[in-house]
Every structure is written in C-alpha cells, then in structure tokens.
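Residue numbers (our numbering): 259 to 741. Ideal Cβ placement from N, Cα and C applies to all residues, glycine included.
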C-alpha cells in the first residue's frame with residue numbers, strides 16, 4: 259500500500275464545505291417545522307425564524323450526540339476504503355460540496371428539498387468514479403431510492419386521513435366552536451404524543467438507544483407524555499377561568515359588548531376578511547390549533563438540530579457527520595467507522611444552521627406556508643400532524659423518508675380531503691407544485707455532477723502529477739517515480 263498523507267488542506271476545506279451544507283440545509287429545512295404555523299398565522303415570519311434558530315441550536319449543541327456512526331452506511335461499504343484514506347477524504351469533501359451547492363440553489367429557488375438526496379447521490383457517484391472495488395452497497399441504495407419515492411405518497415395519505423378526522427370531529431359538526439372546545443384536549447394529546455414519539459425515534463441518540471427494538475415502550479412513553487400535557491392544559495385552563503375576577507368580566511361586558519354589537523350590525527356578512535379563514539371555522543375555533551402548531555414545529559426543529567449532529571440513519575443527511583469523518587481519518591491506517599464529533603464541528607454546524615435560517619429561511623417558509631395553498635390553523639394542524647405520522651410510521655417500518663417530501667405531500671393530501679368534503683377555497687397552485695417537483699428531480703443529478711467535478715478537481719489540486727493506483731488511491735511522487 260502506498261504511503262498517504264491527509265494534510266492540513268483536508269481540514270481547511272472540510273470546515274467551509276460542511277458549513278455551506280449546514281447553512282443551506284438549515285435554510286431549506288426550517289419550513290418543515292414552522293412553515294405551516296406561519297401560513298396559518300400562528301407565528302409571524304420573524305417569530306418563526308427566531309424560535310426556529312433557538313430550537314435548532316439547542317438541539318444541535320445540547321442534546322446532539324457526540325458520535326457520528328456509520329457515516330455512509332447503507333450507500334457504500336466504508337471498509338472498502340480502509341487502504342485508501344485520501345480517497346475517502348476526497349469522497350466526503352466532494353459529497354459535501356455537491357450537496358451544499360445543490361441545496362443552496364434549491365433554497366434560492368424556493369423549493370423545499372432533502373439535503374440527504376444530494377449527499378447520497380454525491381457519495382455514490384464519487385465512489386463509482388474512484389474505482390474502489392466493492393465500495394457500493396447496491397441493496398442499501400435500492401432501499402434508499404424506495405424511501406425517496408414513498409415520502410410524498412406517505413405524506414399525502416397521512417395528511418388526507420388526518421384532515422378527514424379533523425373534519426369529522428370538529429369542522430363538519432353542527433357546532434364547530436363547541437366541538438373544538440370539547441375535543442381540544444384530545445387534539446392536544448395527539449400532537450403532544452406525536453411530538454414525544456418524534457423525539458424518541460428521530461431525536462438525540464441517547465433517547466433512541468433506550469427505545470431501540472422496543473416500539474411498545476416508545477409508544478407507551480409518548481402516549482403518557484401526551485396525556486400529561488393534555489391534563490396540564492386542562493388544569494391550567496380551569497385555574498385561569500376560576501381566578502378571573504367577576505368585576506373584570508363586568509367591565510368587559512359594559513365597555514365592549516355594545517361596540518361589538520354595533521360593529522356586527524354595520525359590517526357586511528360577506529366581508530372579504532371572512533374568506534381568509536376556513537369557511538366552516540368560527541372565530542372561537544381558530545385559536546385552538548395555534549398552540550399545537552407551535553409545539554409541533556418546535557419539536558421538529560429540535561429533533562432536526564440534534565439529528566444533524568448525528569444521524570443513526572442510512573440516509574446520511576447531515577453536514578457534521580462527514581466533517582467528523584474527514585477530521586478523524588488518519589494519515590495512515592484504516593478509515594474510522596464511528597468518528598467522534600469534536601466540539602468545534604458541533605459549533606460549526608449549529609452556527610451555520612442559525613445563519614442559514616436567518617438569511618434564507620424565509621424563502622422555503624413562504625413556499626410551504628402560503629404558495630402551495632391557503633393554510634388555516636386547522637389545515638396547518640392536519641398538515642403538520644399528517645407529516646409527522648408519515649415520517650414516524652415510515653421510520654417504524656425501517657423506510658428512510660424525507661421530512662420535506664412528506665410535508666409537501668401532506669399539504670396536497672389535506673387539500674384533496676377538504677375538496678372531497680365540499681369545503682371551498684381548497685385549490686392547489688399547480689405551478690408551485692411543479693416547481694417543487696422539478697427541484698426534487700434536479701437536485702440528484704446536480705449534486706452528483708458537482709461532486710464528481712469537485713472530486714476530479716481536488717484530486718488534481720492536491721496531487722496534480724500523481725497517478726492512481728489500482729485501489730483508486732493517489733500516490734506520492736516517490737511512489738509514482740518507482741522509488
């Protein structure tokens with residue numbers, strides 16, 4: 259085996275490349291957590307960006323695990339690069355650049371995509387280009403492709419089902435306001451349970467390890483947590499009502515009720531403002547899902563920040579894991595299969611997330627929140643819940659899916675369900691949907707092409723006159739001269 263050296267240029271290039279992908283990924287994926295809440299008016303754009311930054315940073319720095327296991331597991335056999343550490347470093351660097359550039363362009367385009375698709379396509383392409391024998395895991399690649407195709411369909415089916423459930427329980431009743439108040443604890447328990455289950459299955463590694471192989475334990479813990487949240491909400495609501503002074507209620511009645519009656523007499527019943535909300539959702543029902551939307555969104559953001567420090571997942575959709583792999587690759591010896599993530603890498607990822615959210619996050623939030631269809635609180639609740647159900651059920655089946663794709667599918671499913679129920683103003687903007695699908699399709703070959711070009715260029719720049727050996731490794735000058 260030729261003697262190789264992973265010089266300082268690797269770290270010098272790895273940090274900017276990982277930061278680029280983390281920045282683009284944070285900006286693109288923030289719509290998964292707060293896009294529907296903004297579209298429904300539960301959060302303003304500024305509130306969504308700030309809360310998203312806080313949750314992402316907390317998830318990345320405080321509960322993010324410290325081991326990035328099986329960086330490219332499921333796509334390539336990392337052990338095949340044991341004798342070619344330089345090739346492995348170039349593969350990871352090139353894949354980071356390919357995924358980072360393609361995700362950034364998609365974000366500027368306003369299309370919510372999966373950065374995982376970019377990095378996986380880059381890894382597979384460069385592994386082929388390197389000529390390393392036995393590098394590809396064809397079974398894992400096929401399973402990943404199946405997950406990519408299933409993501410929007412799973413989201414559509416789940417969003418459709420949840421929307422029908424909400425319509426049956428609340429919006430389709432004779433008194434939606436009374437039904438919403440009566441069933442609010444049930445809906446709160448549902449979304450809280452899904453949030454807890456999401457954290458257990460997709461969040462920090464120390465939680466995932468506790469429930470690994472024990473799905474009933476995870477489900478029971480999530481249901482117990484959801485019930486506790488609902489009970490606490492009921493208790494707090496009861497105390498607030500009991501503590502409200504009678505004099506305050508009398509003052510409100512004396513001062514404001516006559517004004518409200520006068521406004522009602524003067525206002526036309528078909529005012530334009532009345533069409534901006536769900537036509538079957540009275541004012542008193544619109545506030546109920548807002549807290550649920552914010553809770554669900556922050557949970558997704560928290561788990562996303564934690565997952566992008568480490569993802570025990572064959573999809574390899576993070577920036578810090580490949581960075582840790584590059585930094586841990588020795589100058590000589592085998593490639594590290596479970597590299598430790600240094601604090602500098604975690605801070606790099608968390609900081610890039612925040613910068614990406616603040617600078618570019620508004621683009622994909624606007625697409626999901628308002629451009630595909632008009633979202634109201636109940637539609638947004640059904641969308642967010644449907645996406646969570648799709649992701650969790652797919653994960654339980656071991657199928658790697660994209661949260662972004664599931665969310666877009668859920669938006670479509672909710673719109674179709676409401677159209678089936680005869681609800682007006684549920685049209686989809688097919689132009690925007692086409693734009694998103696184009697972004698999904700183009701990301702894969704674009705990331706692969708950029709990664710391949712980066713691999714060739716970096717190989718030439720780092721060793722401009724050194725040929726490859728049979729394993730795809732770049733030789734030293736001394737070896738190339740036969741010395």
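Quickly, what does DSSP pair residue 744 with across the bridge? List them, please.
The question about residue 744 has no answer here: the residues shown for the chain are numbered 259 through 741.
Quick one: residues in its chain with C-beta nearer than 7 Å to the C-beta of residue 427, no 5 flanking neighbours on either side, listed in chain order?
Contacts found: 437 and 441.
Is it right to say residue 354 is buried, meaning 16 or more other beta carbons lie within 10 angstroms of its own, or is it exposed?
Residue 354 comes out buried.
Own chain partners of residue 647 with C-beta closer than 6 Å, once the 5 adjacent residues on each side are dropped:
The answer, listed in chain order, is 416.
Going along the chain, which residues of its own chain have a beta-carbon closer than 6 Å to the beta-carbon of residue 454, five neighbours each way excluded?
Non-local C-beta neighbours of residue 454 in its own chain, meaning closer than 6 Å and more than five positions away in sequence, comprise 480 and 483, ordered along the chain.
Residue 409 beta carbon less than 8 Å from that of residue 663
Cβ atoms of residue 663 and residue 409: closer than 8 Å.
Identify the continuous alpha helix (DSSP H) that holds residue 287 and give its terminal residues.
It spans 266-298 - the alpha helix (DSSP H) in which residue 287 sits, taken as one unbroken run.
Exposure label - residue 581; buried when at least 16 CB within 10 Å:
Classification of residue 581: buried, given that the 10 Å Cβ count is 16 or more.
Apart from the five residues just before and just after residue 651, which ones in its own chain have a Cβ nearer than 8 Å to its Cβ?
Within the same chain, residue 651 has close Cβ partners 412 and 416.
What are the boundary residues of the alpha helix (DSSP H) that includes residue 694?
Its alpha helix (DSSP H) spans residues 688-720.
Taking 8 Å as the cut-off, does the region 364-383 touch the region 306-316 (at least 3 CB pairs, one atom from each stretch)?
Note that the region 306-316 does not touch the region 364-383; fewer than 3 beta-carbon pairs, one per stretch, sit closer than 8 Å.
I need the straight-line Cα distance from residue 615 to residue 288, nearest angstrom please.
When only Cα atoms are considered, residue 615 and residue 288 end up about 7 Å apart.
Rounded distance between the beta-carbons of residue 292 and residue 280, thought under 8 Å
About 18 Å; that fails the 8 Å criterion.
With a 10 Å radius around its C-beta and 16 neighbouring C-beta atoms as the bar for buried, classify residue 425 as buried or exposed.
By the neighbour-count definition (other C-beta atoms within 10 Å, threshold 16), residue 425 is a buried residue.
Verify whether the separation of the beta carbon atoms of residue 389 and residue 338 is less than 8 Å.
Result no, Cβ atoms of residue 389 and residue 338 do not sit closer than 8 Å.
Proximity below 8 Å, CB of residue 356 to CB of residue 586
It is not a contact, given that the beta carbons lie outside the stated cut-off.
What residue does the alpha helix (DSSP H) around residue 743 start on, and which one ends it?
Examination of residue 743 is not possible in this model, given that the chain is present from 259 through 741 alone.
Does the distance from the C-beta atom of residue 623 to that of residue 687 stay below 8 Å?
With contacts defined by Cβ atoms closer than 8 Å, residue 623 and residue 687 do not form a contacting pair.
With respect to the alpha helix (DSSP H) encompassing residue 639, which residues constitute its N-terminal and C-terminal limits?
Where residue 639 is concerned, the enclosing alpha helix (DSSP H) stretches over 635-654.
Inter-residue spacing [alpha-carbon to alpha-carbon] between residue 271 and residue 443:
Roughly 51 Å separates the two Cα atoms.
Inspect the beta-carbon positions of residue 290 and residue 618 and report whether they are closer than 8 Å.
With respect to the 8 Å criterion, residue 290 and residue 618 are not classified as neighbours on the basis of their beta carbons.
Exposed or buried, residue 267, counting other C-beta atoms within 10 Å across all chains shown (16 or more means buried)?
Residue 267 should be labelled exposed.
Cβ shell of residue 269 (< 8 Å), same chain only, five flanking positions each side left out:
Around residue 269: 584 and 585.
Tell me whether the beta-carbon of residue 466 lies closer than 8 Å to the beta-carbon of residue 477.
No, the Cβ-Cβ distance between residue 466 and residue 477 is not below 8 Å.
By the DSSP assignment, the alpha helix (DSSP H) with residue 662 in it spans what residues?
661-678 is the extent of the alpha helix (DSSP H) around residue 662.
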